[in-house]
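Protein chains in written order, with the numbering used here: chain G, 1 to 149; chain V, 150 to 298.
So the structure is just underneath, and the comments pick up after that.
Number of protein chains: 2
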Amino acid sequence: MLSRASKYAILSTLFLAEHSNVDKKISVKVISESIDVPSPFLAKLFQQLVRGKIISSTKGPNGGFFLTDKNRQKNVLDIIENIDGLNKFNDCFLGLNECDGKNPCPVHFIVEPFKNSLLGKFKDKTIHEFSLEISEKGRVLTLKGLDLS
Amino acid sequence: MLSRASKYAILSTLFLAEHSNVDKKISVKVISESIDVPSPFLAKLFQQLVRGKIISSTKGPNGGFFLTDKNRQKNVLDIIENIDGLNKFNDCFLGLNECDGKNPCPVHFIVEPFKNSLLGKFKDKTIHEFSLEISEKGRVLTLKGLDLS
DNA sequence: TTATTAAAAGATAAAAAGGTCTTTTAATAA
DNA sequence: TTATTAAAAGACCTTTTTATCTTTTAATAA
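In structure tokens, the structure reads:
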């Protein structure tokens, strides 16, 4: 469904939402260790997220990555769009060229409602709102101890 | 969501359901041209589907691939399981190790209901039933003219 | 203004997915 | 029983994704 890059991007953006602000920047190394993601890979990913204005950064001493208030108004779908693009969501589940309500693939009416509701949910809530929910409910964001497959 | 291999497998199995039977076998070449999928790749895929008892085959003149009545009792999820495995469905959407109702990832309650309903639908209907529906409703199964991306 | 810090940029490498080709095996029609 | 047909098997190639490493740029603290 999502590439690893997108998953890392969502997790680390939520991590930044919870632990960083304009006066408290966090280095790649700290984040990568916190959520247990390879740091050079995360560094590359962050460059793209900065270009996409999902997260912010400054160089030099006390530099690092952080979220501005504007960044916090983005939603999860913006992150996915920035990394994977939205084709995975918009394209036919079976890969057919012509697939819509008028000319549906065999699973069209099974998959379509699901896709729409998932898409809606990911647009629904801002990173800020997500982050509040996470700290309220004490949810875990790390991949530590994970056997990725 | 699905690998290309799985998509090809579903399409070509449904094609066999509609156009083949024990007395009418179809060669890889004919199928690959009909649904516009690379034939050497489909040949490999078919070997695996035969081993998984999703489809059947015989060698030699008038040989080819076909579905038995038993094959037709399989469902779409059996195909996906045989090619991709079920990890994509069972694993956490964000890739977290520990993610369940008690210790959910940030999107757990968004994704979980969707996954379950999709899974149910794919188990619900046999290949036979799917095939009947397709020929009734005249749905298209080809990838022709498709810009895969 | 210089040394230090941390991100940006770019080149490179490893793994996985997707795709192709050649040889072998089995079925059958002549 | 032999030639032919079509799948099975296995080696190989290409592209994409994931991951790493090195050099450059920018910010700032001393």
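Note that the Cβ used here is the ideal one computed from N, Cα and C, for glycine as well.
The model shown is predicted, which means the values in this text are computed figures rather than measured ones.
ask   = Near V/Val179, what residues of its chain come up, given a Cβ to Cβ distance below 6 Å and the 5 sequence neighbours on each side ignored?
value = Within the second sequence, the letter at position 30 stands for residue 179 of chain V. Taken in chain order, the list of residues that qualify is empty.
task = Report the option in V/Leu191, V/Gln196, V/Thr207, V/Ser188 whose CA atom is closest to the CA atom of V/Lys173.
result = Working through the second sequence from its first residue, we reach residue 173 of chain V at position 24. Here the closest residue by C-alpha is V/Thr207.
query = Roughly how many angstroms separate the alpha carbons of G/Gly95 and V/Ser280, rounded to a whole number?
reply = Taking the first residue of the first sequence as position 1, residue 95 of chain G is located at position 95. Taking the first residue of the second sequence as position 1, residue 280 of chain V is located at position 131. About 18 Å.
query = Using the beta-carbon count (16 or more within 10 Å), is G/Leu49 buried or exposed?
reply = As a position in the first sequence, residue 49 of chain G is number 49, starting the count at 1. Buried.
inquiry  = Cutting at 6 Å between CB atoms, please list the residues of its own chain near V/Ile229, excluding the five before and the five after it.
reply    = Counted from its first residue, the second sequence places residue 229 of chain V at position 80. Counting only Cβ-Cβ distances below 6 Å, and skipping sequence neighbours, we find Ser155.
request  = Going by CA-CA distance only, name the one from V/Leu151, V/Arg200, V/Ser205, V/Arg153 that's closest to V/Ser176.
outcome  = Against the second sequence, residue 176 of chain V aligns to sequence position 27. Of the listed residues, the one whose Cα sits closest to V/Ser176 is V/Ser205.
query = What residue range is occupied by the uninterrupted alpha helix (DSSP H) comprising G/Phe15?
reply = For the purposes of this step, residue 15 of chain G is taken as residue 15 along the first sequence, with counting starting at 1. Counting along the chain, the alpha helix (DSSP H) containing G/Phe15 begins and ends at 4-19.
task = Give the straight-line distance between the Cα atoms of V/Lys286 and V/Glu278, rounded to the nearest whole angstrom.
result = Position 137 of the second sequence, counted from the start, is the residue given in the question as residue 286 of chain V. Position 129 of the second sequence, counted from the start, is the residue given in the question as residue 278 of chain V. Distance between the alpha carbons of V/Lys286 and V/Glu278: 12 Å.
key: Member of V/Ile203, V/Val256, V/Lys272, V/Arg153 whose CA lies at the smallest distance from the CA of G/Gly120   = As a first step, residue 120 of chain G is located in the first sequence; it is residue number 120 there, counting from the start. The shortest Cα separation from G/Gly120 among V/Ile203, V/Val256, V/Lys272, V/Arg153 belongs to V/Val256.
task = Round the Cβ separation of V/Val260 and G/Leu2 to the nearest angstrom and send it over; I've been treating them as touching at under 8 Å.
result = Counting from one through the second sequence, the residue named residue 260 of chain V turns up at place 111. Counting from one through the first sequence, the residue named residue 2 of chain G turns up at place 2. Not really, about 10 Å apart at Cβ, beyond 8 Å.
CB contact check: V/Leu163 to chain G, cutoff 8 Å = The sequence position of residue 163 of chain V within the second sequence is 14, counting from 1. Closer than 8 Å to some Cβ of chain G, the Cβ of V/Leu163 qualifies, so yes.
request  = Within 10 angstroms of the Cβ of G/Lys44, are there 16 or more other Cβ atoms? Answer buried if so, exposed if not.
outcome  = For the purposes of this step, residue 44 of chain G is identified with residue 44 of the first sequence, where counting begins at 1. Label assigned to G/Lys44: exposed.
inquiry  = 8 Å is my cut-off, CB to CB: does G/Pro106 come that close to chain V?
reply    = Stepping through the first sequence from its first residue, residue 106 of chain G is reached at position 106. Closer than 8 Å to some Cβ of chain V, the Cβ of G/Pro106 qualifies, so yes.
inquiry  = Can you tell me whether V/Ser181 is buried or exposed? The criterion is at least 16 other CB atoms within 10 Å of its CB, across all chains shown.
reply    = In the second sequence, residue 181 of chain V corresponds to position 32, counting from 1. Per the 10 Å Cβ criterion, buried.
query = Name the chain G residues whose beta carbon is nearer than 8 Å to that of V/Arg288?
reply = On the second sequence, position 139 is the one that residue 288 of chain V refers to. Per Cβ cutoff of 8 Å: Asn103, Pro104, Cys105, Pro106.
message = Can you tell me where the alpha helix (DSSP H) holding V/Gly269 begins and where it ends?
response = Along the second sequence, one-based indexing puts residue 269 of chain V at 120. V/Gly269 -> alpha helix (DSSP H) spans 257-273.
query = Beta-carbon of V/Leu194 versus every beta-carbon of chain G: anything under 8 Å?
reply = Locating residue 194 of chain V in the second sequence gives position 45, counting from the first residue. So, not an interface residue.
Residue burial classification, V/Ser161 (beta-carbon count within 10 angstroms, cutoff 16) = Numbered from its first residue, the second sequence carries residue 161 of chain V at position 12. Buried is the call here.
ask   = If V/Lys223 sits next to V/Ile276, beta carbons under 8 Å apart, how far is it from one beta carbon to the other, in whole angstroms?
value = Taking the second sequence and counting its residues from 1, one reaches residue 223 of chain V at position 74. Taking the second sequence and counting its residues from 1, one reaches residue 276 of chain V at position 127. So it is a contact: roughly 5 Å between Cβ atoms.
query = Of all the residues that make up the region 210-222 of chain V, which are near chain G by a beta-carbon distance shorter than 8 Å?
reply = none
message = So for V/Lys223, helix, strand or coil by DSSP?
response = For the purposes of this step, residue 223 of chain V is taken as the residue at position 74 of the second sequence. Coil.
Contact belief for V/Leu165 with V/Leu290 at Cβ below 8 Å, rounded distance in angstroms = Numbered from its first residue, the second sequence carries residue 165 of chain V at position 16. Numbered from its first residue, the second sequence carries residue 290 of chain V at position 141. That belief does not hold up - the Cβ atoms of V/Leu165 and V/Leu290 are roughly 11 Å apart, past 8 Å.
query = Would you say G/Phe130 faces chain V, with C-beta separation under 8 Å as the test?
reply = Position 130 of the first sequence, counted from the first residue, corresponds to residue 130 of chain G. With 8 Å as the cut-off, G/Phe130 counts as an interface residue toward chain V.
query = Do you know offhand how far V/Asn170's Cα is from V/Glu282's?
reply = Along the second sequence, one-based indexing puts residue 170 of chain V at 21. Along the second sequence, one-based indexing puts residue 282 of chain V at 133. The straight-line gap from Cα to Cα measures roughly 17 Å.
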